[in-house]
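The structure appears right after this line, and notes come after that.
Number of protein chains: 2
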Amino acid sequence: MRVDVTVVPQELEQRDLGDLCVVVLDVLRASSTIVTAMANGCEEIIPTATVEEAVEIAHSYGKGEFLLGGERKGNKIEGFDLGNSPSEYTPERVKGKKVIFTTTNGTRLLKATKGASTVVIGSFLNLEAATEYALNLGKDVILACAGDGRRLALEDLACAGMMADYLVSRGDLSQSDGALAARLVYQAFRDDVGRALGTSEHGKFLINAGYAGDLELCSMLNVHTVVPCFSQGHIVRI
Amino acid sequence: MRVDVTVVPQELEQRDLGDLCVVVLDVLRASSTIVTAMANGCEEIIPTATVEEAVEIAHSYGKGEFLLGGERKGNKIEGFDLGNSPSEYTPERVKGKKVIFTTTNGTRLLKATKGASTVVIGSFLNLEAATEYALNLGKDVILACAGDGRRLALEDLACAGMMADYLVSRGDLSQSDGALAARLVYQAFRDDVGRALGTSEHGKFLINAGYAGDLELCSMLNVHTVVPCFSQGHIVRI
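Line by line, the protein sequences are chains S and G.
Just add 40 to wherever you are in the first sequence, counting from 1, and you've got this note's numbering.
Just add 40 to wherever you are in the second sequence, counting from 1, and you've got this note's numbering.
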């Protein structure tokens, strides 16, 4: 068994993902929001690349059956029910509901996982549950960072590093250079993973945009045991 | 002024490199070999993407005017004069000569720098000279890692991190998440950068392939002051 970390979605291109388990990480904020929604009883999330696609899919459902969620440039999309803040995805709002969901980086990464046999959504919130699930599958694991606009994002790399650390401590695994680098980055923040979020470029952007509270919500460790799984265009609980 | 580190060549795609200084890093071994050749009096290096292109360019020169150098899967190409080991690029072999040069990852990265106003070749061997040159230009800097087969390579990231550390210590620079991550990786090897090369996947591959000596040659710090520059298809001394 082998653990690998990819830093940007482009690293997954031209790669046979075949019999691998890919753990998708977009800490600020898509992964954290999806995990929160699923933990709060959301039935299903349908990620889309564009706003237009989200609206089109919405037309195929009856009113009241679904919610539209997501962001562009960090903010809720006009006419949508929910943005991309975990704080919005409360049991009152999402329990038993489908959410059609579009974000900038997270959706791009999900598309890049095409061909992988297992794709799960990871975050600090469900870190142990998602990592244990991957470990128990016994397949090679790719911890895939969403990054920020096709670039490295510190918070994703720190989360991948913490997962890789956990995997290496639990099993007899070989690791790629990417996994080793991610672990070294994580170790610099191991006493306080929240600091990685506050230090990151996207973290600073969100603080300036008025979402400082989301950094705290996205850095809570192991508060959920749900492991959302992406398959055939839908995210559901395993 | 800002310092950025890109971990894989794909990060440079779809990006306007305009008025930037890009420092190209392929520690094992293209950058180190180019720096060694230039320090030993090589007149010019012409990098090519394919073996065929190298042979074609060779036909436009007279016999004795040039050498063919490079590797595929780590080894010298059949019929070529030189491989991709710095040890081969001695003054006796390369002084006053042109070298037509093809390697797997290094050449791909050079192609990805298209559009950048300044492209220099960096390595541990000329780390201070290349970094000082970039600093004195006063432009934003991208430390661009070649990686290994479109994937993160530990030795390149450690070298980029050491350069970023140097830049941040010398000037009032802002840094990207990539630069910060690279610095954290470098700091884990700061007492012995050679250990980063020996730990890396490509380093282990080269040791198994019989090139252990090259890891030592490529980890020598600041033994050269030459700053090779890539412009319009040619690498020359600045």
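C-beta: ideal position from N, C-alpha, C; glycine also.
Model, not experiment: these values are computed from the prediction.
A residue is called buried when at least 16 other Cβ atoms come within 10 angstroms of its Cβ; His242(G) meets this threshold and is buried.
Residues of chain S with a Cβ closer than 8 Å to the Cβ of Ser240(G) are, in chain order, Asp217. At a cut-off of 8 Å between beta-carbon atoms, Val63(G) makes no contact with chain S. Contact with chain G is found for Val47(S), since one of that chain's Cβ atoms lies less than 8 Å from the residue's Cβ. If one requires a minimum length of 3 residues, the beta strand (DSSP E) runs lying completely within the segment 169-248 of chain G are 181-185, in chain order.
DSSP places Ile97(G) within a helical segment (H, G or I) once states are collapsed to three. Secondary structure note for Ser127(G): it is in no beta strand (DSSP E), with a DSSP letter that is neither H nor E.
Beta-bridge partners assigned by DSSP to Val62(S): Val159(S) and Ile182(S). If you check each beta-carbon in the segment 194-209 of chain G against every beta-carbon of chain S, the ones closer than 7 Å belong to Leu194 and Leu197. Listed along the chain, the chain S residues whose CB falls inside 7 Å of the CB of Leu224(G) are Leu224, Val225 and Ala228. In terms of Cβ geometry, Asp217(S) and Ser240(G) form a close pair [threshold 8 Å]. For Asp44(S), the secondary structure class from DSSP, reduced to helix, strand or coil, is strand. Here Thr143(S) carries a coil assignment [DSSP, helix/strand/coil]. Per DSSP, Gly273(S) lies in no alpha helix (DSSP H) and is assigned neither H nor E. Short of 6 Å from the beta carbon of Leu261(G), and not among the five residues preceding or following it, lie these beta carbons of its own chain, in chain order: Phe164.
Contact between Cys61(S) and Thr158(S) holds, with the beta-carbon distance rounding to 4 Å and staying under 8 Å. By the beta-carbon neighbour count (other beta carbons within 10 angstroms, threshold 16), Pro49(G) is buried.
Taking a cut-off of 8 Å on C-beta distances, the segment 170-184 of chain G does not touch the segment 89-100 of chain G, as fewer than three cross pairs fall below it. The Cβ of Leu213(G) sits no closer than 8 Å to any Cβ of chain S. Taking C-alpha positions only, Asn166(G) is separated from Val47(S) by approximately 27 Å. According to the DSSP secondary-structure assignment, Gly110(G) is paired through a beta bridge with Thr142(G).
Under a criterion of Cβ atoms nearer than 9 Å, no residue of chain S is adjacent to Leu183(G); the nearest Cβ is some 12 Å distant. Here the alpha carbons of Val160(G) and Leu65(G) stand approximately 9 Å from one another. Taking C-beta atoms under 8 Å as the contact rule, Tyr173(S) and Met202(S) fail to qualify, at a distance of about 15 Å.
The bridge partners DSSP lists for Asn115(G) are Arg112(G). DSSP places Glu83(S) outside both helix and strand once states are collapsed to three, so it counts as coil.
Taken atom to atom, the span from the alpha-carbon of Glu53(G) to that of Gly119(G) is near 34 Å. Leu108(S) is positioned such that its CB atom lies no closer than 8 Å to that of Lys137(S). In the structure shown, Leu261(S) adopts coil according to DSSP, grouped into three states. By the criterion of a C-beta distance shorter than 8 Å, Ser214(G) is surrounded in its chain by Met41, Arg42 and Val43, once the five residues flanking it on both sides are discounted. Using a Cβ-Cβ cut-off of 8 Å, Ala89(S) is close to nothing in chain G; its nearest Cβ partner there is about 16 Å away. Distance from the CA atom of Cys82(G) to the CA atom of Ala170(S), rounded to whole angstroms, is 54 Å. Any Cβ of chain S closer than 8 Å to the Cβ of Leu192(G) would place that residue at the interface, and such an atom is present. Glu51(G) counts as buried, since no fewer than 16 other beta carbons sit within 10 angstroms of its beta carbon. At least one CB of chain G lies nearer than 8 Å to the CB of Glu51(S).
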